[in-house]
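Written out below as structure tokens is the structure these notes cover.
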Amino acid sequence: MAKQLEIFDLFNQPEYFIFSELFPDTESDEIEYKSAHGGFPHDFWKTYSAFANTGGGVIVLGVKEKNNQFSFDGLEEELIVKYQKEFWNGANNPSTISKNLLKNEDVKQYVVEGKKIIAFNIPPADRNSKPIYLTTNPFKNTYKRNYEGDYTCKDEEVRRMLADADLSFSPDSRILENYSLDDIDLPSLKQFRQLFASLKPTHTWLTLEDIPFLEQLGGYRKDRKTKKEGFTIAGMVMFGKYLSITDEECCPKFFPDFRELLAENDDTRWSDRIYPDGTWECNLFQFYKLVYPKLISRLPKPFQLIKGQRQDETPAHTALREAFVNALIHSDYSAPGSIIIECRAESFTFTNPGTLLVTLSQFYNGGISQCRNTNIQKMFLMIGSAEKAGSGVSKIISGWVSAHWRRPYVSIATEPDRVILEMPMFSVIPENTLSELKKLFGESVEALGKDELAALAVCHIEGDVTNSKLQYNIDKHKSDITKLLQDLCKNGYLVSENKSRWTTYHLNTDFNSNSHYSKNDDSLNDDSSNNASSTKLMSDKDLVNSSKDSKTNDDSSNDDSSIIKTITKLQSEIIEACSGEYISIEEIAEKVQRSNSHLKNKIVPEMVKAGLLIRLHTKITHPDQKYISKK
């Protein structure tokens, strides 16, 4: 996943970065353009702070904006030298910015359309480096990035970042004052001990009294320096009484909420809901006990025998449990917002307050265990419901994919901070979705590449599609996905809607099946992400019309004659290559020395349509499809 989540690997492909359709069409949550003709931009360091405290980004100087359109205006060489010096002076001055995150290779100069520009790669800051702020005071001078741009963090956001940066202290280990055993829900603690005993019947902790037992778990703590002792946030949130948990001393915003939305009737808001309604003692352990059976009841349980014993739990069950427990142990219980678990007909959604403590690429790669609430994690670990070695995310993804469902994906929200994990319960292209797409777009939809078809399928299932939503479903860089979506718009399959820095795409319900080939783009259906700057082999002329009469084409106007002769020559080569026997696209490409994807996505389909080639198999996407020229 790192490939599609780290925009800065574009710096290893400078030509692609500059000439892709992503640049400089629009800004986004990870790209910021500034003209800089009037001096080094005064708001540069705000964007620096915002990128560093969010997901990172690229700041480009030498691009101007007029009427929401961006274009290169360039910078003089002496200005670039001056700005580079100003940048490095500021980056290494704590009075300007709290920390320099860049290396020399993170600042690059390019020449585009004869104009010089300079780009700065701002990486996301590590957990222990946040917040990155202007001047020497983090309050009122710390910024984050959202879809509207850079915004000033509230004081409580800054305090939470400072707390997360302290790796020597887990927030859930804070000792609560004036709490006693009366604040603990003893039935919850007893049930936990019974579950613990069933899994580890010989464990030495089982002989301990309640408070020493909680002390081993991290639910009760003695501070050697201050000599204070008492119940911790972890002990109270996990086993406490709800009124004790929501006291101002503990976690006043605590409100776990399970919502089941399975009813087909839109008038029914919830088909089931579990939340602090006074009918049960609401703590994390009881919430887990009540909600987990409801979650797994939605999953199929195929009959399996392993070593002679029936196994009802599949990798998908493990994935769902990991996702649920992850939401509980990674929540920031001091942040506004609730833990929300939503169960829908075709998906699960886990939302927890707080921020990710690692980058998205680190999250997907796994192997890095950074937990906000290490004691709560330990408690779930002791009853077999949590992982500690950073393998939880890998189990979530692999377990879900093993059920042939769409890959789970994470999105980050701000104001308030939230981490949202989506786990769809459908394949990327269900049969009914493919059928609906055929009704809308005709049989031509089968000629699309797998990535384009996946984009249309996600759009059909979810009502719309965005770059961030799609990047978890196809193996392309986000800039390639932007181009893919733009190509689908050009060819009439999608329509775009701009929402500030975000673009949302919808299916084109007014699709005209007779005109979608009118615009030429060699990249449509091309699964390669490295051909952005390749030379086009065709013009925007309709290939069918140009193939009707080669003689007529040769006599056409001087403006078009060279193009038409090139097309006719290529067609002739293909016809000759396919004469006598059926051959595959790959064999055709080798014989005529052309791009495989170019032939597959444009040339050959049009030649078939014009009656110049015949398919071996009726189904366009047949894996052994071959072609022969018409006699």
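Residues are numbered in our numbering as their position in the sequence shown, beginning at 1, plus a constant of 20.
In this text, a Cβ means the ideal position worked out from N, Cα and C, and glycines have one as well.
From what residue to what residue does the alpha helix (DSSP H) around residue i run?
i           : result
residue 175 : 175–185
residue 94  : Run containing residue 94: none; DSSP gives neither H nor E here.
residue 262 : 262–265
residue 341 : 335–349
residue 140 : No alpha helix (DSSP H) holds residue 140; the beta strand (DSSP E) holding it covers 135–142.
residue 255 : 253–259
residue 77  : Unbroken run through residue 77 is the beta strand (DSSP E), 77–81; no alpha helix (DSSP H).
residue 213 : 206–219
residue 431 : Note, residue 431: premise wrong, no alpha helix (DSSP H); beta strand (DSSP E) at 429–433.
residue 493 : That residue, residue 493, is in no alpha helix (DSSP H); it is neither H nor E in DSSP.
residue 629 : 624–629
Which first and last residues belong to the beta strand (DSSP E) in which residue i is found?
i           : result
residue 442 : 438–444
residue 373 : 367–373
residue 241 : 240–242
residue 280 : 277–281
residue 132 : 127–132
residue 294 : 292–294
Specify the secondary structure class of residue i as computed by DSSP and reduced to three states.
i           : result
residue 68  : helix
residue 229 : coil
residue 612 : helix
residue 170 : strand
residue 646 : coil
residue 308 : helix
residue 634 : strand
residue 640 : coil
residue 378 : coil
residue 359 : coil
residue 527 : strand
residue 53  : strand
residue 394 : helix
residue 195 : strand
residue 165 : strand
residue 84  : strand
residue 513 : coil
residue 456 : helix
residue 153 : strand
residue 318 : coil
residue 404 : coil
residue 449 : coil
Given residue i, which residues of its chain have a CB within under 6 Å of its CB, disregarding the five upstream and five downstream residues?
i           : result
residue 266 : 272 and 274
residue 118 : 152 and 153
residue 226 : 217
residue 254 : 192, 238, 239, 395 and 396
residue 365 : 282
residue 399 : 237 and 258
residue 81  : 54, 56 and 138
residue 335 : 419 and 422
residue 494 : 471 and 474
residue 604 : 646
Leaving out five residues on either side along the sequence, give the residues of the same chain with a beta carbon under 8 Å from the beta carbon of residue i.
i           : result
residue 83  : 44, 53, 54, 55, 90, 91, 92, 93 and 137
residue 633 : 594, 595, 598, 624, 627, 647, 648, 649 and 650
residue 477 : 448, 449, 450, 453, 454 and 457
residue 65  : 110, 116, 117 and 154
residue 156 : 114, 115 and 118
What do you get for residue i, buried or exposed, if any count of 16 or more other CB atoms within 10 angstroms of its CB means buried?
i           : result
residue 404 : exposed
residue 76  : buried
residue 517 : exposed
residue 435 : exposed
residue 3   : The requested residue 3 is not part of the displayed model; the chain covers only 21 to 651.
residue 187 : exposed
residue 352 : buried
residue 205 : buried
residue 620 : buried
residue 177 : buried
residue 531 : buried
residue 78  : buried
residue 469 : buried
residue 368 : buried
residue 413 : buried
residue 203 : buried
residue 144 : buried
Practice task
Could you say if the region 299–315 and the region 377–385 meet the contact criterion of at least three C-beta pairs nearer than 8 Å?
Solution key: no
Practice task
For the region 101–120 and the region 165–177, state whether three or more C-beta atom pairs, one from each stretch, are separated by less than 8 Å.
Solution key: no
Exercise for the section: Decide if the region 193–212 is in contact with the region 369–381; the criterion is three or more beta carbon pairs, one per stretch, under 8 Å apart. Expected result: no
Practice task
Specify whether the region 182–195 and the region 389–396 touch according to this definition: at least 3 beta carbon pairs, one from each stretch, less than 8 Å apart.
Solution key: yes
Exercise for the section: Report yes or no: do three or more beta-carbon pairs, one from the region 124–144 and one from the region 66–75, lie closer than 8 Å? Expected result: yes
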